[in-house]
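J.:
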Amino acid sequence: MSETDYREAWEASSTARILPPARPRKLAKVPFVELADGRLQGVVSSGSDIERVYVSSIAAGDYAFACSTNNNRPCGGARGSFCKHLVALVDEASLQYGAERVARYLRVETPDGEPTAQALTSAMTATRPAKADATAAAPVFSRFLRHLAYLELAAATAPLPELQWFPPTRTAAA
Ligand SMILES: [Zn+2]
-9 MSETDYREAW EASSTARILP PARPRKLAKV PFVELADGRL QGVVSSGSDI ERVYVSSIAA
51 GDYAFACSTN NNRPCGGARG SFCKHLVALV DEASLQYGAE RVARYLRVET PDGEPTAQAL
111 TSAMTATRPA KADATAAAPV FSRFLRHLAY LELAAATAPL PELQWFPPTR TAAA
């Protein structure tokens, strides 16, 4: 997907008309997470701006990390080490997959016992991982859009309040 396609998909989605919720709802902190392409990656909502999301990723093995906005702007917090979005990503992945599976996938050695999200994050940041470029962000974000489209279809009769900030897809709006 080219950068233009990517921007178009985003803009088409964000300009679709929806009924505003009665009162602003909080977006799920991490609406999308996956273990794919040799990375833990996903979409993390901005704490302050409901229109903005971050696409964050951590590579297996060397924990090279990347974090940028859906508009391809680098995350200011992810210069030297993991930003809060990457920490949130590890937390959510550990909830969804179990910290042990995340540790195995990323090849993280944690101290004895059941790993926790926090132990994973400390073990990875202790290795002083390098910053990766953000080339993976566009495909991750486009999978997130497809994931939302799927949810729209699968749950047509059951509204997902936490996703109301995110308008219906192009197909649904056409
Ligand atoms: Zn970030």
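Taking the numbering used here, the leading residue of the sequence shown gets -9, the next gets one more, and so forth.
From the three backbone atoms N, C-alpha and C, an ideal C-beta is built for every residue, glycine too.
On a predicted model such as this, the values are computed, not experimentally measured, just so you know.
State the beta-bridge partners of ALA113 as determined by DSSP.
T.: Here residue 113 refers to the residue found at position 123 of the sequence shown. Bridge partners of ALA113: none, in fact.
J.: In or out: GLU165 buried (at least 16 other Cβ within 10 Å) or exposed?
T.: Since the first residue of the chain shown is -9 and the last is 164, residue 165 is not available in this structure.
J.: Measuring only the C-alpha atoms, how far is ASP123 from THR59?
T.: In the sequence shown, the residue the question calls residue 123 occupies position 133. In the sequence shown, the residue the question calls residue 59 occupies position 69. In a straight line, the C-alpha of ASP123 is about 13 Å away from that of THR59.
J.: Alpha carbon to alpha carbon, what distance is there between ARG136 and SER112?
T.: Residue mapping note: residue 112 aligns to position 122 of the sequence shown, counting from 1. Residue mapping note: residue 136 aligns to position 146 of the sequence shown, counting from 1. SER112 and ARG136: Cα-Cα distance of roughly 32 Å.
J.: Mapping DSSP to helix, strand and coil, what is VAL43?
T.: What you label residue 43 is simply residue 53 of the sequence shown in a count that begins at 1. VAL43 falls in the strand class under three-state DSSP.
J.: Indicate the three-state DSSP secondary structure (helix, strand or coil) for ARG13 in the structure shown.
T.: Working through the sequence shown from its first residue, we reach residue 13 at position 23. Its pLDDT being 48, under 50, ARG13 is placed unreliably by the model, and the measurement read from it follows with that caveat. Three-state DSSP puts ARG13 in coil, outside helix and strand.
J.: Between the alpha carbons of GLN31 and ASP102, how many angstroms are there, rounded?
T.: One-based indexing of the sequence shown puts residue 31 at position 41. One-based indexing of the sequence shown puts residue 102 at position 112. Cα to Cα, the separation comes out at about 26 Å.
J.: Relative to the C-alpha of LYS74, which candidate in ALA139, SER38, LEU25 has its C-alpha closest?
T.: Taking the sequence shown and counting its residues from 1, the one referred to as residue 74 is at position 84. Selected option, being the one with the closest Cα: SER38.
J.: Assess, as a yes-or-no matter, whether the segment 84 to 96 is touched by the segment 63 to 71 under the definition of 3 or more beta carbon pairs within less than 8 Å.
T.: With a cut-off of 8 Å, the segment 84 to 96 and the segment 63 to 71 do not count as touching, because too few Cβ pairs lie within range.
J.: Ligand 1 and LEU165: does the residue's C-beta get closer than 7 Å to at least one heavy atom of that ligand?
T.: Since the first and last residues shown for the chain are -9 and 164, residue 165 lies out of range.
J.: Is TYR95 near ligand 1, judged by its Cβ being under 7 Å from some heavy atom?
T.: Working through the sequence shown from its first residue, we reach residue 95 at position 105. Not under cutoff, so the answer is no.
J.: Grouping DSSP H, G and I as helix and E and B as strand, with all else coil, what is LYS121?
T.: Translated into the one-based positions of the sequence shown, residue 121 becomes position 131. Correct three-state label for LYS121: strand.
J.: If we count the other Cβ atoms within 10 Å of its Cβ and call it buried at 16 or more, is TYR53 buried or exposed?
T.: For the purposes of this step, residue 53 is taken as residue 63 along the sequence shown, with counting starting at 1. Buried.
J.: May I ask you to list the residues that DSSP assigns as paired with CYS57?
T.: Your numbering for residue 57 matches position 67 in the sequence shown. Answer is SER46.
J.: Which of the three DSSP states is assigned to PRO64 in this structure?
T.: The residue given as residue 64 occupies position 74 in the sequence shown. If DSSP states are grouped into helix, strand and coil, PRO64 belongs with the strands.
J.: Give a single yes or no on whether TYR44 has its beta carbon closer than 7 Å to a heavy atom of ligand 1.
T.: For the purposes of this step, residue 44 is taken as residue 54 along the sequence shown, with counting starting at 1. Yes, the Cβ of TYR44 comes within 7 Å of a heavy atom of ligand 1.
J.: Assign GLU104 to one of three DSSP states: helix, strand, or coil.
T.: Taking the first residue of the sequence shown as 1, we reach residue 104 at position 114. Reduced to three states, the DSSP call for GLU104 is coil.
J.: For PRO119, which residues of its own chain have a beta-carbon under 7 Å away from its beta-carbon, when the five flanking residues on both sides are left out?
T.: In the sequence shown, the residue the question calls residue 119 occupies position 129. For PRO119, where only same-chain residues beyond five positions count, the Cβ hits under 7 Å are ASP52, TYR53, ALA54, PHE55.
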